[in-house]
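Numbering (the numbering used here), first residue to last: 3 to 380.
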């Protein structure tokens, strides 16, 4: 039976699947691993990757360890005139199933047998490692890739760079940027935005501004994400007015702001107790044909409540409902705190009774009831 399968041409992937179904129905057949692996090779040759993934996934659920699966694939590899893509598929199955250590081990087994994982597969492993705190660092796997002469692409560098920035390793991040140039890999806008965000988080404002200049010199135009990073950090420094000037600069450069841009500015001005400016920004957002979201309204409602503008906050609640947005526990929490803060206890109780059915809303009484007994500010 194995022989018949291996003689199929690559265009016969579908026939191989039918043959597999027939074989598995035969009484007394016990060479399941071999027949699964042969079919996987044929499907990989036919570029039928999804069915190949399903078969390999079935092998993992049968309790076969990654070494056993790999050995079976190697054992049937030459008979099927296969190609290394089959191992890439196996690695992706392990990543999708959350078996990251098996994915890394398969990558190493490939290297030991003289195979190279594709750069796309390596990037899949890197991205998964970056999300899994139990795994060794992204940097270590990146070094392992380089030692196996696997040439990284811009996606590889961006994943590693983001990981280094999150860990606060700016020196290594700077080295990585130089390494990109050495291997002829042109940084993308994502590369610069990642570094820019890291510089701001670390308070290295001078370096951040120099990086923006460097982008423009290298012909990479800042995009809306670039400006959002700068605007966000200026707002965090209570320099919302300066951040607003960047919004004007964006328009001059024909870079369209998005709802994140406006939400960031609205939040910045609300924190600086400039709710009138924040309200004007909501109007600007609407003029740009953008749709405000729950964050937009919640931020403004909270800002008005903090400033004692209860009527404006309640009007925003109605506007929010009119455009089809559902107020959440965050929305009502801001309103209840505002009403209690300014001794509007009857209205607070009425609002609470009206929204008692909202999920988790009853938890709010823990936060706002003690406020009801606190004197309002004179």
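Even glycine gets a Cβ: it sits at the ideal position worked out from N, Cα and C.
A check of alpha carbon separations from residue 151 across 181, 130, 113 identifies 113 as the nearest. Taking the C-beta atoms as reference points, residue 156 is found no nearer than 9 Å to residue 178. The closest CA to that of residue 331, considering only 349, 309, 296, is found on 296. By the Cβ test, the segment 194-204 is in contact with the segment 224-241, since at least three Cβ pairs between them sit closer than 8 Å. Residue 204 and residue 170 have their C-alpha atoms roughly 8 Å apart. Assigned with DSSP and collapsed to three states, residue 186 falls in coil, not helix or strand. Distance check between residue 278 and each of 307, 250, 337 places 307 closest, using alpha-carbon atoms only.
In this chain, the alpha helix (DSSP H) harbouring residue 98 covers 87-98. In this structure, DSSP gives residue 153 a state outside helix and strand, which the three-state scheme calls coil. Its Cα nearest to that of residue 268, the residue 284 stands out among 284, 36, 260.
A distance below 9 Å separates the beta carbons of residue 336 and residue 304. Nearest C-alpha to residue 220 among 226, 130, 193: 193.
Excluding its 5 nearest sequence neighbours in each direction, residue 66 has C-beta neighbours in its own chain below 7 Å: 35, listed in chain order. Residue 165 is positioned such that its CB atom lies closer than 9 Å to that of residue 132.
With fewer than 16 other Cβ atoms inside 10 Å of its own Cβ, residue 320 counts as exposed. In the structure shown, residue 139 adopts coil according to DSSP, grouped into three states. Within the segment 171-240, the complete alpha helix (DSSP H) segments at least 4 residues long are 172-184, 191-203, 207-219, 226-238, listed from N- to C-terminus. Ranked by Cα distance from residue 84, the first of 121, 39, 105 is 39.
Around the beta carbon of residue 75, 16 or more other beta carbons sit within 10 angstroms, so the residue counts as buried.
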